[in-house]
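FYI, in this note's numbering the residues of the sequence shown are 805 to 1116. See below for the structure under consideration.
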Amino acid sequence: MRIVRVYAQLIRAVLAVADKERKDVNLDMIKLDGRAGGLLEQSTLVRGIVLHKDLSHSQMRKETKDAKIAILTCPFEPPKPKTKHKLDITNAADYKKLQAAEQNYFKDMIEQVKKAGANFVSIWHISPFLPCPTPPLYVVCQWGFDDEANHLLLAADIPAVRWVGGVEIEMLAIATEGRIVPRAQELSASKLGKAGCIREVPSGTMGDKMIVIQARAVESQADSVSSVGQYAARAFADALLGLAEALAANSGLSPIHEVQRIKALQQQTNCPYYGIDCMQTGTNDMREQQVWEPFASKKQQILLATQVGLKP
């Protein structure tokens, strides 16, 4: 029955873009997007656009209802001179003037976005067919943002997505009935795309949190090796622990202290499900955090990394 459901979704996808009067179907409006690690039965139909991007800032809001989207193909940053130039900064006051001029430029661009009514610069799962109540702004940009612009967008509560591909930009414009704007100065309310709901959907897995488990298992196995091979096994375990230490460091934790604490916790409880709490949820049990990953997928990743590392 699960396979029948998949076939039914395929038919719904065709009917969603079919021109019943002309009895024609534009298959270019249907995009098949496969992700590794899942099953065919997990396939789902998205009546909208899926962009495999991240928000330009992790603290931007994760869901927006009745969004108005500014679709930009211009860099969200100050223009660069087209001729050779030289800028002399001799003191702190000159540097502050330069910084103030840059900030004012960004503020003007953001003000134009707000004046047009946009509330999203996007990288998310955009579903224009979902009805929702309140109107927010989003910005989707084909190019990058300056860090200063990113900070000001966050302060203005305008989520944004950068480095969106040209094909995705075009499909987004079609799905949301928006206009692609090459210059921020040309942005207006009539050119904004509209989406019933925009939300960020976590994709992939956070298997790195569970890498400590595998490292401890390798260490235990190394103890049972009596030959010189145990040194290679311990080196392999240290390499796996390096991933956990990097995850702890990127989460603002003390790498050595945190990894040793988790190893001790696993040994005391004889439970292999403890990992790095990089989201600061208060628990190190990955089951409670709903962190899962297919065994076959992780096994293949480690085998591939090992083979690459063994190449001379």
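Each residue gets a CB set at the ideal place from its N, CA and C atoms; glycine is no exception.
Counting the other CB atoms within 10 Å of its CB gives Ala920 a total of 16 or more, which places it among the buried residues. Put simply, the backbone Cα of Asp837 is about 24 Å away from that of Ala871.
Here the segment 808-827 does not lie against the segment 852-868, with fewer than 3 beta-carbon pairs under 8 Å apart. In terms of Cβ geometry, Gly1000 and Ala977 do not form a close pair [threshold 8 Å]. Taking all protein chains in view, the Cβ of Tyr1078 is crowded by 16 or more other Cβ atoms within 10 Å, so the residue is classified as buried. The criterion of a C-beta distance shorter than 8 Å is not satisfied by Gln989 and Gly970. For Glu906, the CB contacts under 7 Å within the same chain, skipping 5 residues up- and downstream, are Pro882, Glu952 in chain order. Counting only unbroken stretches of 3 or more residues, the beta strand (DSSP E) elements lying wholly within the segment 863-905 are 867-876, in sequence order.
Distance between Lys866 and Glu1004, taken at the CA atoms: about 5 Å. Assigned with DSSP and collapsed to three states, Val943 falls in strand.
Annotated as distal: Leu843 and Val810, with beta-carbon spacing of 8 Å or more.
The closest CA to that of Cys1082, considering only Leu1057, Ile834, Met864, Arg1091, is found on Leu1057. In the three-state DSSP reduction, Asp912 falls in the helix class (H, G or I).
Excluding residues up to 5 positions away in sequence, His861, Gln863, Met864 lie with their Cβ nearer than 8 Å to the Cβ of Leu958 in the same chain. Excluding sequence positions up to five before and after Val1063, its CB lies within less than 7 Å of the CB of Val1016, Leu1045, Ala1048, Glu1049, Ala1052, all in the same chain and listed in chain order. Across the structure, Lys995 and Asp892 are spaced so that their CA atoms are roughly 40 Å apart. For Ile973, the enclosing alpha helix (DSSP H) begins and ends at 970-980.
In this structure, Val917 places its C-beta atom within 8 Å of the C-beta atom of Val943.
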